[in-house]
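Report on one structure; see the data block that follows.
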Amino acid sequence: MNRRDIPDGYLTAIDAFAATLRPAPRMTVSEWADAERMLPSKGAAEPGRWRTARTPYLRAIMDALSPHHAAQRIIFMASAQVGKTEAGLNWAGYVMATQAAPMLAVQPTVDTGELWSKQRLQSMIDATPNLRTRVMPQRSRDSGNTTRLKEFPGGMLRIGGANSSADLASMPIRYLFLDEVDRYPLDLDDEGDPVSIAEARTTTFVRRKILLTSTPTIESLSRINKEWLASSQQRYHVVCPHCGERQHLQWDNLRWPEGRPHAAQYVCEHCGAFIAETHKAAMLAGGEWVAAFPDRPALGFHLNALYTPPGLGLTWGELATEFEAKKREPLQLKVFQNVRLGECSADPEEKLDWEDLKSRAEPFALRIAPPGCLVATAGVDVQKDRLAVQIRGWGRASVCWTLDWVELPGDPTHLAVWDDLERLLSEPLLNAHGTPLRISRAAIDAGYLTDDVLAFTRKYERRGWFAIKGVSGARQIISRPSKVDLRRNGVTQKGGASLWPVGVDAAKEWIFARLGADGKHAMASDRQERFSADLPEEYFAQLASEVYDPNKRRWIKQRARNEALDTAVYARAAAMHPALRLHVWSDAKWSELARLLEPAIGDLFSPPATEAPVSTQPTWQPGRPQAAPAPDTAPQTKAVSLVSRLA
67 MNRRDIPDGY
77 LTAIDAFAAT
87 LRPAPRMTVS
97 EWADAERMLP
107 SKGAAEPGRW
117 RTARTPYLRA
127 IMDALSPHHA
137 AQRIIFMASA
147 QVGKTEAGLN
157 WAGYVMATQA
167 APMLAVQPTV
177 DTGELWSKQR
187 LQSMIDATPN
197 LRTRVMPQRS
207 RDSGNTTRLK
217 EFPGGMLRIG
227 GANSSADLAS
237 MPIRYLFLDE
247 VDRYPLDLDD
257 EGDPVSIAEA
267 RTTTFVRRKI
277 LLTSTPTIES
287 LSRINKEWLA
297 SSQQRYHVVC
307 PHCGERQHLQ
317 WDNLRWPEGR
327 PHAAQYVCEH
337 CGAFIAETHK
347 AAMLAGGEWV
357 AAFPDRPALG
367 FHLNALYTPP
377 GLGLTWGELA
387 TEFEAKKREP
397 LQLKVFQNVR
407 LGECSADPEE
417 KLDWEDLKSR
427 AEPFALRIAP
437 PGCLVATAGV
447 DVQKDRLAVQ
457 IRGWGRASVC
467 WTLDWVELPG
477 DPTHLAVWDD
487 LERLLSEPLL
497 NAHGTPLRIS
507 RAAIDAGYLT
517 DDVLAFTRKY
527 ERRGWFAIKG
537 VSGARQIISR
547 PSKVDLRRNG
557 VTQKGGASLW
567 PVGVDAAKEW
577 IFARLGADGK
587 HAMASDRQER
597 FSADLPEEYF
607 AQLASEVYDP
617 NKRRWIKQRA
627 RNEALDTAVY
637 ARAAAMHPAL
647 RLHVWSDAKW
657 SELARLLEPA
667 IGDLFSPPAT
677 EAPVSTQPTW
687 QPGRPQAAPA
697 PDTAPQTKAV
707 SLVSRLA
């Protein structure tokens, strides 16, 4: 009988039985990858045969995953795009090709697991002949090849999500690949840590293998960092081409001339010579892993983006350029630290001293935008007997000035206080040149008295005043809105009111990170958060009214009132509204707006303003128009149009 005449199911059984009789080849994972794995033409930076020599630091990690290696637990904490997932894919291919055993690969969610399976795993199977003959084609009627299950002779590979308890708690597993573990949920359906749940499935196998990989996140939450600290802590040491001494590459040793980050070079910690990136390929080829704790059973490897092979990621110059662009923005700097350096970032600032914040106040008047302050947004908090309003001004690099802090007394279920709010938000501010500056966007919290807030925002939506609702735990400061107005048939009403979700935790982390970083700067001009000396003590007390508890992983109020912090959050969300998006404005956009709002020469007799006027007027009062002079409004009309166009 010809093999082609045997049904697929019988062939699988025969191959499985034969696999149990065949001794496993003593081949390492890297040897199998070099001999068999093919990179697909679609999606791969360098299609064709896999070459470990291109990423030589992966060899020891992959070989530790070989069944004859003594290690059972391998930890790989690294920056993005250095080969973490590729090492895991090579291991999965090796298992399918040479091992008769069950394996589980876990991604952060079921959806990301399916995407990984379709785009990465199946592409590897399709491109690699050695795997195509072992894993049945998906088109086969009785195939064991689906998006979430790959059967091969003597074993199977399951693809699961860390957010699904069903994926993690069923059949025994000998080989376990836990990818991007810092993105896993902290607690899975009140059953505990998903990593521990998945690992429990390997306990019946004496010669099990567990691989954990991830880019780290904040220190108190990072699983991979805790695993790394308990491991052998190996770093990849390379040889200096000038003195021949070994060292591991550290960010602090990358240097560049002022204003020329693209010219970055590495400085040897032994001889002080500058190392050009042209030496990197040879340095990687001659590198070796050095363990700080070689006797520990868990093998831990750490790698940052400085090791990225030429042509497979960012150059040293590109990394330096990215750093220069992000170094003044604390949250962006955290992302750089995690994603590029493969290091944990500090927890959100746990506590701020309001008196310290007040000591940073500057002598500029409220409702007067200092030089560089080009766009204004507002945040409004609704209380039982008042509306709390904060107006914040914005400039380049998200530098922010608190331009006004007003509490409008009144019952929000009555129209009078809303009329006061309409007058306040409509009243233009002035800048140091006397040019009016109107509020571009205002975010109003609808968590309390939702219907009253929506009634107001429906009426003034065209002015850019919109309703928001705070969402805890969300990592985006502002997200896609939901439509809340329905027709009689239940269909969403076109043009109806919208409710925008605001990630209050993410916004507070952003604000506290900036305030914490500002405390290191003696010069006010170096700070990101700028305050007028006319702000009352109560404002600063409210701004610092919450602390971050890393154990509970949430923000906790330390005093009854916190509206100054909440409205600062809402004003930030307003600045990031899709119609404005100040956080992604280019320097050219800011320059274009500055040319209109801050002319180099005011008139023939007055020099251009370099400082904001010192306050001589009280802040805005409800029901009373400002006594400020009313300059020509034509420049402001142009400015409003320009802000909308630039956004």
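Counting from 67, one number per residue, gives the positions in the sequence shown under my numbering. Ideal Cβ positions, reconstructed from N, Cα and C, are used throughout, including at glycine.
Judged by their CB atoms, G353 and I141 are not nearer to each other than the 8 Å cut-off.
Listed in chain order, the non-local C-beta contacts of T479 below 8 Å within the same chain comprise L515 and D518, local neighbours out to five positions each way being set aside. With 16 or more other Cβ atoms inside 10 Å of its own Cβ, L418 counts as buried. Along the length of the region 544–632, whole alpha helix (DSSP H) runs at least 4 residues long occupy 570–584 and 603–609, reported in chain order.
Residue environment analysis places P260 among the buried positions, since at least 16 neighbouring C-beta atoms fall within 10 angstroms of its C-beta.
In the same chain as T381, and ignoring 5 residues on each side of it, the C-beta atoms closer than 7 Å to its own belong to E343, in chain order. Here the alpha carbon of Q316 sits roughly 24 Å from the alpha carbon of A579. Only residues of its own chain outside the window of five on either side were considered, and among them R120, T121, K346, A347 and L350 have a CB closer than 8 Å to the CB of P375, listed in chain order. Distance from the Cα of G539 is smallest, within the candidate group D584, L252, K655 and L320, for L252. Judged by DSSP secondary structure, E97 falls within the alpha helix (DSSP H) whose first and last residues are V95 to E102. Here V448 carries a strand assignment [DSSP, helix/strand/coil]. With respect to G149, R103 sits apart: the two C-beta atoms are not nearer than 8 Å. Taking a C-beta distance under 8 Å as the contact criterion, W322 and A386 qualify as a contact pair. By the Cβ-count criterion, E603 is exposed, with fewer than 16 other Cβ atoms from all chains shown falling within 10 Å of its own Cβ.
Proximity of the region 476–491 to the region 651–666 falls short of the contact definition, fewer than three beta-carbon pairs being nearer than 8 Å.
Collapsing the DSSP output to three states places G383 in a helix.
Excluding five sequence positions before and after R267, the CB atoms of its chain that fall closer than 8 Å to its own CB belong to L170, L234, A235, S236, M237, P238, I239 and L242, given in chain order. If you compare the alpha carbons of Q559, A99, L277 and D192 with that of A137, the shortest gap goes to L277. Residue range K150 to T164 is occupied by the alpha helix (DSSP H) that includes L155.
Taking a cut-off of 8 Å for Cβ pairs, the region 211–222 and the region 127–134 do not touch, as fewer than three such pairs fall below it. With respect to the 8 Å criterion, L440 and G461 are classified as neighbours on the basis of their beta carbons. Within 10 angstroms of the beta-carbon of F359 lie fewer than 16 other beta-carbons, which makes it exposed. As summarised for the region 442–521, the continuous alpha helix (DSSP H) elements at least 4 residues long and confined to that stretch are 481–492, given in chain order. Where I127 is concerned, the enclosing alpha helix (DSSP H) starts and stops at L124 to A130. In this structure, D245 sits near G154, with a CB-CB distance shorter than 8 Å.
Ranked by how close their Cα comes to the Cα of L565, the residues R596, F522 and W182 have F522 in first place. Between the region 456–473 and the region 624–644 there are three or more C-beta pairs closer than 8 Å, enough to call the two in contact. DSSP places F243 outside any alpha helix (DSSP H); the residue lies instead in the beta strand (DSSP E), whose first and last residues are Y241 to D245. The C-beta distance from T175 to G227 rounds to 5 Å, short enough to fall under 8 Å.
Counting along the chain, S425 sits inside the alpha helix (DSSP H) bounded by residues W420 to S425. Annotation for S189: the continuous alpha helix (DSSP H) segment containing it runs Q188 to A193. The region 532–552 makes no contact with the region 579–596: fewer than 3 CB pairs, one atom from each, lie closer than 8 Å. Rounded to the nearest whole angstrom, the C-alpha separation of D413 and I284 is 6 Å. Annotation for F532: the continuous beta strand (DSSP E) segment containing it runs W531 to V537. Comparing C-alpha distances from P133 to each of Y302, S96, P396 and A296 shows the shortest one belongs to S96. Per DSSP, reduced to three states, the secondary structure at G179 is helical.
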